[in-house]
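**Student:** Residue numbers (this note's numbering), protein chains in the order written: chain A, 40 to 435; chain B, 42 to 207. Note that the Cβ used here is the ideal one computed from N, Cα and C, for glycine as well. Predicted, not measured: the structure shown is a model, and the values here were computed from it.
Following this line, the structure appears as structure tokens:
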């Protein structure tokens with residue numbers, strides 16, 4: 040029974056954090072793109088637009104869920120459901136941290152560990168395309184259909200380099216479980232270079248990230264929803280929460296891809312510096328953030344942020360204090376350190392996703408296909424063969 | 042718990058298989074086929090073949106069926122029109138006959154097969170990726186390699202058939 044209660048608590052926490060992250064990821068994206076393009080982005084709802092996601096959710100829920108008369112109702116309603124379910128389900132096998140012991144409770148910072156965890160994520164992502172494809176087809180609209188077709192063709196093509204890029208670190212670590220994958224990447228070469236798969240598998244990492252952009256339908260591979268060609272692509276006919284489901288699925292897929300990249304190539308929750316130094320990094324980061332916010336908040340020229348920036352500074356300094364405190368509580372330290380490094384790496388990768396979206400133009404469709412089959416695929420294959428050769432030569 | 046799950050997914054697989062034949066729309070049929078493959082994967086998982094289960098989903102439900110759906114969408118195939126009318130009497134009587142036939146078949150299979158112990162869920166342990174890999178590259182190396190040559194021939198054949206005449 041104990042197991043069930045702990046699992047339920049973990050599921051509740053993970054679901055809450057994930058859904059909140061998805062809502063705020065959109066705020067972060069709008070803010071980052073706005074600043075790249077020298078705009079301010081959301082600013083009206085709450086301080087610095089911080090309550091914008093809440094307003095968006097209220098708007099989406101209270102809108103009329105319109106079902107056009109010419110659609111295939113069953114598939115039309117099923118598609119967003121399929122998309123969002125399959126997008127959210129992958130998080131259940133991803134570990135966020137090591138084993139923790141609180142009194143009698145002994146649990147992993149992970150919902151469940153499958154011995155085929157990596158295959159599970161690949162399987163879920165491979166059937167995730169049905170949401171988009173079905174939605175595009177069931178809408179009975181030529182733009183939607185074209186969007187759905189493009190997305191299925193794109194996902195089939197990019198799944199190959201993605202899977203082959205994933206296979207190379209699996210060869211190195213000799214496991215399919217995320218936990219063992221991260222354990223394999225613990226330790227340091229020469230005492231300071233982390234033993235992450237990133238360094239031997241830099242090619243694989245690049246291929247994985249590019250294919251990840253395509254799998255999540257993000258710029259520069261967002262052909263399925265190219266708005267100047269296809270209105271809004273596969274979700275043209277969707278409104279209200281049905282549209283929100285597609286939206287959530289896209290962001291959730293982004294989180295999954297970055298989390299998998301972190302676990303496979305960037306050492307999961309392992310810090311990039313050896314133990315005594317890595318412990319002070321979070322304190323320094325949050326304290327520096329707090330001090331900068333305080334400095335700007337006390338600047339008399341910024342009258343609008345008279346209260347918000349000092350409040351942010353207080354929160355940041357508080358977090359820094361909690362990290363400082365955790366140095367004396369081993370359990371807390373394990374949890375916080377793992378979460379800090381894991382979430383930090385994911386956020387950096389998510390920032391890259393957003394950065395690319397703000398920077399690069401969209402591919403043309405034939406370029407997209409040629410890039411997958413003549414560029415990425417041979418590169419991934421070469422990487423896999425080279426890794427295989429090295430593994431074969433070095434192991435007895 | 043496991044027998045219940047087995048029954049649920051076995052029933053779902055059979056339901057989807059029947060639905061696949063009954064449905065007139067190709068997309069509905071294709072989705073039913075995905076349902077069959079998904080529930081088969083769950084059955085494999087319960088019998089201890091975790092790698093096979095994952096491969097089933099990735100290859101069949103994920104890759105092959107996406108291609109099916111893709112082609113159906115590309116051709117924009119509509120619902121199939123019924124080509125012949127069946128009287129209601131034949132329909133209901135046919136269902137009855139079908140059940141009788143299935144009962145007979147299952148009875149015959151039961152009677153002719155040698156008595157064996159039932160399947161125990163969780164008894165089979167050799168389904169991990171490691172075991173499958175070992176088997177594939179030692180005991181079954183020749184069939185494995187021959188299959189890969191067969192697939193290569195199929196690919197070359199497909200290209201030859203699809204190639205435009207120069």
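Determine, for residue 68 (chain B), whether the minimum Cβ-Cβ distance to residues of chain A falls below 9 Å.
**Tutor:** Interface residue, yes.
**Student:** Could you have a look at residue 227 (chain A) and say whether DSSP puts it in helix, strand or coil?
**Tutor:** The answer is strand: DSSP assigns residue 227 (chain A) an E or B state.
**Student:** From residue 130 (chain A) to residue 198 (chain B), what distance separates their C-alpha atoms?
**Tutor:** Taking the straight line joining both Cα atoms gives about 41 Å.
**Student:** What did DSSP end up calling residue 308 (chain A) once you bin it into helix, strand or coil?
**Tutor:** Residue 308 (chain A): coil per DSSP, three-state reduction.
**Student:** Consult DSSP for residue 45 (chain B) and reduce its assignment to one of helix, strand or coil.
**Tutor:** Note: residue 45 (chain B) maps to helix in three-state DSSP.
**Student:** Could you tell me whether the region 150 to 169 of chain A touches the region 238 to 245 of chain A, using the rule of 3 or more Cβ pairs below 8 Å?
**Tutor:** The region 150 to 169 of chain A, when compared against the region 238 to 245 of chain A, does not touch it at the 8 Å Cβ threshold.
**Student:** If we count the other Cβ atoms within 10 Å of its Cβ and call it buried at 16 or more, is residue 384 (chain A) buried or exposed?
**Tutor:** Counting Cβ neighbours within 10 Å, residue 384 (chain A) comes out buried, since at least 16 surround it.
**Student:** Can you list, in chain order, the residues of the region 106 to 129 of chain A whose Cβ is nearer than 9 Å to any Cβ on chain B?
**Tutor:** If the cut-off is 9 Å between Cβ atoms, the region 106 to 129 of chain A has 111, 113, 114 and 117 near chain B.
**Student:** Counting only runs of 4+ residues fully inside the region 275 to 350 of chain A, write out the alpha helix (DSSP H) ranges in chain order.
**Tutor:** Complete alpha helix (DSSP H) runs here, min 4: 279 to 304 and 314 to 337.
**Student:** Helix or strand or just coil, what does DSSP make of residue 233 (chain A)?
**Tutor:** Strand, per DSSP.
**Student:** Can you name the residues of chain B whose CB is closer than 7 Å to the CB of residue 168 (chain A)?
**Tutor:** Chain B residues near residue 168 (chain A): 107.
**Student:** Could you name the residues of the same chain whose beta carbon sits closer than 8 Å to that of residue 412 (chain A), not counting the 5 residues immediately before and after it, in chain order?
**Tutor:** These residues qualify, in order along the chain: 196.
**Student:** Check each candidate in A:400, A:186, A:352 and A:181 and name the one with the smallest Cα separation from residue 169 (chain A).
**Tutor:** The shortest Cα separation from residue 169 (chain A) among A:400, A:186, A:352 and A:181 belongs to A:186.
**Student:** Alpha carbon to alpha carbon, how far is residue 103 (chain A) from residue 256 (chain A)?
**Tutor:** Near 27 Å, if we compare the C-alpha coordinates of residue 256 (chain A) and residue 103 (chain A).
**Student:** Looking at residue 220 (chain A): is its Cβ nearer than 9 Å to the Cβ of residue 210 (chain A)?
**Tutor:** The answer is no: Cβ separation not under 9 Å.
**Student:** Keeping to the same chain, check which residues put their C-beta closer than 6 Å to that of residue 288 (chain A); ignore five residues upstream and five downstream.
**Tutor:** Hits under 6 Å: 122, 123 and 126.
**Student:** Any contact between the region 218 to 233 of chain A and the region 309 to 317 of chain A? By contact I mean 3 or more CB pairs, one from each, below 8 Å.
**Tutor:** The answer is yes - the region 309 to 317 of chain A touches the region 218 to 233 of chain A, with three or more Cβ pairs under 8 Å.
**Student:** Any beta carbon from chain A within less than 9 Å of residue 91 (chain B)'s own beta carbon?
**Tutor:** Yes, because at least one Cβ of chain A sits closer than 9 Å to the Cβ of residue 91 (chain B).
**Student:** What do you reckon, are the CB atoms on residue 223 (chain A) and residue 178 (chain A) nearer than 9 Å?
**Tutor:** No.
**Student:** Below 7 Å between beta carbons is the criterion; list the residues of the region 144 to 161 of chain A that meet it against any residue of chain B, in chain order.
**Tutor:** Within the region 144 to 161 of chain A, the qualifying residues are 154, 155, 158, 159 and 161.
**Student:** Might you give, ordered along the chain, the residues of its own chain that have their beta carbon closer than 7 Å to the beta carbon of residue 109 (chain A), omitting 5 neighbours on each side?
**Tutor:** The residues are 179.
**Student:** Taking the continuous alpha helix (DSSP H) assigned at residue 146 (chain B), which residues delimit it?
**Tutor:** Where residue 146 (chain B) is concerned, the enclosing alpha helix (DSSP H) stretches over 129 to 153.
**Student:** With DSSP collapsed to three states, give me the class of residue 437 (chain A).
**Tutor:** The structure shown does not extend to residue 437 (chain A), since chain A is modelled only from 40 to 435, so the question has no answer here.
**Student:** Could you tell me if residue 85 (chain B) is buried or exposed, where buried requires 16 or more neighbouring beta carbons within 10 angstroms of its beta carbon?
**Tutor:** Residue 85 (chain B) comes out buried.
**Student:** Closest by CA to residue 337 (chain A), which one among A:166, A:422, A:353 and A:296?
**Tutor:** It is A:353.
**Student:** Given this structure, state the Cα-to-Cα distance separating residue 148 (chain B) from residue 141 (chain B), to the nearest angstrom.
**Tutor:** Rounded to the nearest angstrom, the two C-alpha atoms are 10 Å apart.
**Student:** Is it true that the CB of residue 422 (chain A) sits closer than 9 Å to the CB of residue 204 (chain A)?
**Tutor:** Yes. Within cutoff.
**Student:** Can you say whether residue 192 (chain A) is buried or exposed, counting buried as having 16 or more other CB atoms within 10 angstroms of its CB?
**Tutor:** Buried: at least 16 other Cβ atoms inside 10 Å.
**Student:** Between the C-alpha atoms of residue 95 (chain A) and residue 254 (chain A), what's the straight-line distance to the nearest angstrom?
**Tutor:** Straight-line Cα distance between these residues: approximately 26 Å.
**Student:** Leaving aside the five residues before and after residue 45 (chain A) along the sequence, list all residues of the same chain whose C-beta is less than 8 Å from its C-beta, in chain order.
**Tutor:** Taken in chain order, the residues that qualify are 144 and 146.
**Student:** Please decide whether residue 61 (chain B) counts as near chain A, where near means a Cβ-Cβ distance under 9 Å.
**Tutor:** By this cut-off, residue 61 (chain B) is not an interface position.
**Student:** Going along the region 186 to 209 of chain A in order, which residues come within less than 9 Å of chain B, judged by CB to CB distance?
**Tutor:** Taking 9 Å as the Cβ-Cβ cut-off against chain B, the residues of the region 186 to 209 of chain A that qualify are 187, 188, 191, 192, 194, 195, 198 and 202.
**Student:** Between the alpha carbons of residue 118 (chain A) and residue 386 (chain A), how many angstroms are there, rounded?
**Tutor:** Near 29 Å, if we compare the C-alpha coordinates of residue 386 (chain A) and residue 118 (chain A).
**Student:** Assess contact between the region 104 to 124 of chain B and the region 59 to 74 of chain B, defined as three or more Cβ pairs (one per stretch) separated by less than 8 Å. Is contact present?
**Tutor:** Yes, since at least three Cβ pairs between the region 104 to 124 of chain B and the region 59 to 74 of chain B fall closer than 8 Å, the two stretches touch.
**Student:** Note down, in chain order, every chain A residue with its Cβ under 7 Å from the Cβ of residue 102 (chain B).
**Tutor:** What residue 102 (chain B) touches in chain A: 166.
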